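Presented below is the structure to which this report refers.
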Amino acid sequence: MNVFINQVAVATPGLHNWEVAKNVFNSNTPFEPAPLEKYKPQLLPPNERRRATSLVRLAFQVCEAIADHTDNNLGQTQTVFASSGGDYQIIDQICRALCKPERMVSPTQFHNSVHNSAAGYWGIATHSPAPSTSISSHDFSFAAGLLEAAAITCSENSDTLLVVYDTQPPEPIIFKRPITLPFATALLFSPTQCDNTIAKVELSLSPEKNDPTPCKHPEVELLRSQNPAARSLPLLESLATLQQGSHQIIKLAMMGEQTLALHCEKL
Amino acid sequence: MTPLKITDYTLTTALGRGKQENINALQQGKTGLSPCHFYDIKDLNTWVGEVNEVESTELPTHLRAFTCRNNQLSALTLSQDHFAHRVQEKISQYGSHRIGVFIGTSTSGIHDTEKAYLENENNGVSLPEWYNYSGSHNIYSCAEFIRQYFALNGYSTAISTACSSSAKVFASAERAIASGLCDAAIVGGVDTLCLTTLYGFNALQVVSPDICKPSNLNRLGINIGEAAGFAFIEPATEDDDGFGVLGYGESSDAYHMSTPHPEGKGAALAMQKALNKAQLSAADIDYINLHGTGTPANDLSESKAIVSVFGSQTPCSSTKGWTGHTLGAAGIIEALFSLFTLENQWIPASLNTDNIDPDIMANINTLSRDTRVQYTLSNSFGFGGSNCSLVLGAVNR
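Chains P and G supply the protein sequences, listed in that same order.
For the first sequence, the residue numbers in the numbering used here are 549 to 815.
For the second sequence, the residue numbers in the numbering used here are 665 to 1061.
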């Protein structure tokens, strides 16, 4: 499958947005992992914004960064939201409430607990009737998200927005699911080359195990294993650092004994 | 699109285990719903569609890490209707790396997390030793369990869009096959009873104290059910007989997180797109299996959507009066019930519906009957405004 990447966004401590990330990857600025500030979604009506959880805000930080830099009508763009675990904080709060004798679950927390909460809010924010899929493939959710989004882009010949995000679970779940930093990225794909195309990516899935490609930047490489969404970093580094016309093959681990190879060509 | 033939399938609902027990209960008009006695619940006055003896099911030794109610219901289901055996034959045909796995769920094995928190309540810090988050509660656990159960080495993912999850598995699988990611797929859906959905829907005031009465005047809401359903699907060839999925349509409401669009705008779009994909017109559809949850808002908006696309003649019914609302499993269970209507040339009534809401203008079928069924449509709508409709029929027309 071949897709074209037209926009990129990222949000994690030290790579607050794509401009900062490009500078860090190219060693123009040092990597300084300051915490992310609480993001205030601009496209949500105030009543929905109040209900948006920190996970939804994290997803919105990268979605709205894409919206700010594209002429595409995101109100007609299909979306794939990939998150390994969804909203751990909401799950924690619901499970705590269920321990109390009266078992009073908050109705807002309950509707925020669905795995497709960010997708639902994004649909409301963009008034979009376009289809949206929310998936999880545990630690391989970034690679699975790429395949899901590429399959839509190719088989339906349409632009697709991929959003990949995970946040740290609170105690005590974090002891069973150690994700130690928030991370989100978004990529806007098209089936053909456009004026603003950054790179062409050929995806191929093979039934052999390979070592995944690490990041070249030593400090950023340390983030890669700390959040399933951070498995995207080698691709982001490639998009930031490749010279026009040059290539790189990035290997991502998949479930079982599989590898997803991304043949990335900077355009 | 190339029709997707449903080569084999199996299911477990509150109606029973496997195809025959389910079709028998449907044809006899016998509900699977009963007053709620799930777990230790004493303060919820409602009915549920519970499957008996789920937690006495043992998983294969090498898959014990996946033990939880959700995967136990899957394991129980896979042992029925020679499904696992037939899938093994298909694996020899296609190769273990060419079969994809697409499983829908809304809450996966969350009941394990609920139990772990209850145990943890007194010590406050750590969760119990036995609790395995990734094997149980994680959304992907249900898909990884299926992948490892069949020792597959291909693409697999869990789709979690609330109550449309396991209708959308057909869409994702179709695209994966069309783009060469896999040659065939195991699709499925599984959701099991848990405190989160029972008390959560109760907090939203949509849990009915009475047995679920879809489309009825003064209907009081949903009964939550549990179920698992699996199908093996492959692209139909020219000389294939049998039935399958001919089209799917997906849309977003972009309206509210937990309330459907009042005019059913997103639902109508999903139905129209499914018809377009199947290259059929509204008049070709002989039966519609409604999402039909039994809440005042859902049933009315779905009826408006149906009238806008089909008019008010096409027979419709909800099967949630039999099974309850099986949430993330509802999409595939009701697709399989739609398949029953094709295989048996028979359509079900809207069980428990004895006084149709006069505001519901869709043609609610109140009497199960033999009739000609060439094409059917099945609706699934979820929180977050996620809509998916499927069109089923003979793969060669």
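Backbone N, C-alpha and C define an ideal beta-carbon position, used for all residues, glycine too.
Nothing here was measured: the structure is a model prediction, and the numbers come from that model.
- Contact fails between the region 961 to 978 of chain G and the region 819 to 833 of chain G, because fewer than three Cβ pairs, one in each stretch, are under 8 Å apart.
- Here DSSP, grouped into helix, strand and coil, assigns S820 of chain G to strand.
- In this structure, the straight-line span from the alpha carbon of S770 of chain G to that of G992 of chain G is close to 5 Å.
- Against chain P, the beta carbon of E914 of chain G has neighbours under 7 Å at P679, listed in chain order.
- Assignment of beta-bridge partners to Q555 of chain P by DSSP yields P:L736.
- Under the Cβ criterion of 8 Å, F658 of chain P is counted among the residues facing chain G.
- For the region 1007 to 1033 of chain G, the set of positions with a beta-carbon nearer than 9 Å to some beta-carbon of chain P is empty.
- Comparing alpha-carbon positions, the option among P:Q590, P:H795 and P:A809 lying closest to A673 of chain P turns out to be P:Q590.
- Counting other Cβ atoms within 10 Å of its Cβ, M652 of chain P stays below 16 and is therefore classed as exposed.
- Counted as a single uninterrupted DSSP element, the alpha helix (DSSP H) harbouring G864 of chain G occupies residues L859 to A867.
- Pairing G958 of chain G with S879 of chain G, the inter-Cα distance amounts to about 6 Å.
- DSSP places T789 of chain P within a helical segment (H, G or I) once states are collapsed to three.
- The C-beta separation of L815 of chain P from Q741 of chain P comes to about 7 Å, placing the pair in contact by the 8 Å criterion.
- Among the residues of chain G, those whose CB is under 8 Å from the CB of F723 of chain P are S790 and L791, following chain order.
- Closer than 8 Å to the CB of I672 of chain P there is at least one CB belonging to chain G.
- Taking L592 of chain P as reference, the option from P:S575, P:C611, P:L770 and P:S689 with the minimal CA-CA separation is P:C611.
- In the three-state DSSP reduction, W1010 of chain G falls in the strand class (E or B).
- In the same chain as L791 of chain G, and ignoring 5 residues on each side of it, the C-beta atoms closer than 6 Å to its own belong to A780 and N784, in chain order.
- Taking D707 of chain G as reference, the option from G:A931, G:T671 and G:A867 with the minimal CA-CA separation is G:A867.
- In the DSSP assignment, M802 of chain P falls within the unbroken beta strand (DSSP E) covering H795 to M802.
- Between E998 of chain G and the set G:S756, G:G852, G:E717 and G:V1059, the nearest pair of CA atoms involves G:G852.
- At a cut-off of 8 Å between C-beta atoms, R733 of chain G does not count as an interface residue with respect to chain P.
- Here the alpha carbons of D704 of chain G and Q626 of chain P stand approximately 43 Å from one another.
- With a contact defined as Cβ atoms closer than 8 Å, N621 of chain P and K748 of chain P miss out at about 23 Å.
- When secondary structure is reduced to three states using DSSP, D714 of chain P falls in the strand class.
- Chain-ordered listing is empty here: chain G has no CB closer than 7 Å to the CB of E580 of chain P, the nearest sitting near 32 Å.
- Only exposed fits F723 of chain P, as fewer than 16 other CB atoms lie within 10 angstroms of its CB.
- Per the coordinates, the alpha-carbon of H675 of chain P lies some 19 Å from the alpha-carbon of M935 of chain G.
- For K764 of chain P, the closest alpha carbon among the candidates P:N705, P:S786, P:H795 and P:S773 is that of P:S786.
- If you draw a 10 Å sphere on the C-beta of E717 of chain G, you find fewer than 16 other C-beta atoms in it, and that means exposed.
- One thing to note: A778 of chain P has its Cβ within 8 Å of the Cβ of F731 of chain P.
- For K570 of chain P, the closest of P:Q791, P:I798 and P:A801 by C-alpha to C-alpha distance is P:Q791.
- Inter-segment contact for the region 897 to 907 of chain G and the region 1046 to 1060 of chain G is present: three or more beta-carbon pairs are separated by less than 8 Å.
- Listed along chain P, the residues sitting closer than 8 Å to I823 of chain G by beta-carbon distance are T681, S682 and I683.
- Between Y703 of chain G and chain P, the shortest Cβ-Cβ separation is not below 8 Å.
- Under the criterion of beta carbons closer than 8 Å, N1016 of chain G and I803 of chain G do not qualify as touching, at roughly 32 Å.
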